[in-house]
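Numbering (the UniProt record's numbering), first residue to last: 1 to 317.
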């Protein structure tokens, strides 16, 4: 008997080959063939090794949502997953406009607030969540760190040790300025929340080595403080679907501080999945209406180390 098929649309998932393979594995577990389609700006990207690439529009293009709707109809898409910050708001719109497609993301208004780092810091503070000291430019204490309000992958971040250099930063209003914490450890917590709001798993992992804002070496760890903080964040913003939360542990003051809330799958989630958190299973099962069970028996001290692997593309002759 031929397996039934599910088609998953990645938004900006150009490099997410391992995650695509895990989704395919999760489908096979229950007798479904999972097909991957990825919406990208160019066709020669690694995800083409395991799926089909559709050349699309930029996230800020006014026609991007209608174009994605076209792709959904053409490829009979069942699930939409955003993989970059700019795609989260688009996915939220798609969720509202395409109720027959499973789009496990938060609502549009919350997504907009979380995408703007300055706005996010404001709502974090209002909710009583612990964050680094946040400054107006003139009140900044040194050392300070300035991050672009919109953007990711650690691009455009500046560290300042004197006010004069900070004041010379171009377009200061487009930055979030906070205290710089040099003696720290970085953590991500990978989570999954059902559409009914049940928190199914929270897996902290230390970000040991980072390249371009993404973990290249990471290890799962039991940390009750981070798990409790994560639950508070999730409940505060009524988050849904796969979420990754970024924290700093200030080793000098023993403070755990919330840095970012990303309502999407993070690249390092592979580590948490292999530790036993069935996050890709949750996505497939929830799309099919299968009952989900919480998972807290994932393995601590699971280490993931990344390496480079090339995808080669030849010019058509």
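Glycine is no exception: its CB is placed at the ideal position from the N, C-alpha and C atoms.
Taking its Cβ as the centre, do 16 or more other Cβ atoms sit within 10 Å of residue i, making it buried, or is it exposed?
i: residue 29; result: exposed
i: residue 89; result: buried
i: residue 249; result: buried
i: residue 307; result: exposed
i: residue 280; result: buried
i: residue 247; result: buried
Below 8 Å between beta carbons: does that hold for residue i and residue j?
i: residue 207; j: residue 179; result: no
i: residue 230; j: residue 245; result: yes
i: residue 80; j: residue 11; result: yes
i: residue 265; j: residue 294; result: no
i: residue 103; j: residue 94; result: yes
i: residue 56; j: residue 44; result: no
i: residue 22; j: residue 273; result: yes
i: residue 292; j: residue 285; result: yes
i: residue 127; j: residue 218; result: no
i: residue 150; j: residue 115; result: yes
i: residue 322; j: residue 75; result: In the structure as shown, the chain starts at 1 and stops at 317, and residue 322 therefore has no counterpart that could be examined.
i: residue 287; j: residue 46; result: no
Three-state secondary structure (DSSP) at residue i?
i: residue 10; result: strand
i: residue 240; result: coil
i: residue 232; result: helix
i: residue 66; result: helix
i: residue 313; result: coil
In terms of alpha-carbon separation, which member of the options lies closest to residue i?
i: residue 24; options: 51, 42 and 40; result: 51
i: residue 15; options: 174, 304 and 267; result: 267
i: residue 106; options: 287, 121, 125 and 195; result: 195
i: residue 215; options: 189, 116, 143 and 49; result: 189
i: residue 255; options: 130, 290, 38 and 176; result: 130
At a Cβ threshold of 8 Å, is residue i touching chain C?
i: residue 261; result: Within the model displayed, chain C is absent; a lone protein chain is all it includes.
Count the C-beta pairs between the region 61-73 and the region 19-34 that are closer than 8 Å, then say yes if the count reaches three, no if not.
no
Validate contact between the region 158-175 and the region 252-265 using beta carbons, cut 8 Å, 3 pairs:
no
Does the pairing of the region 123-140 with the region 184-201 give three or more beta-carbon distances under 8 Å?
no
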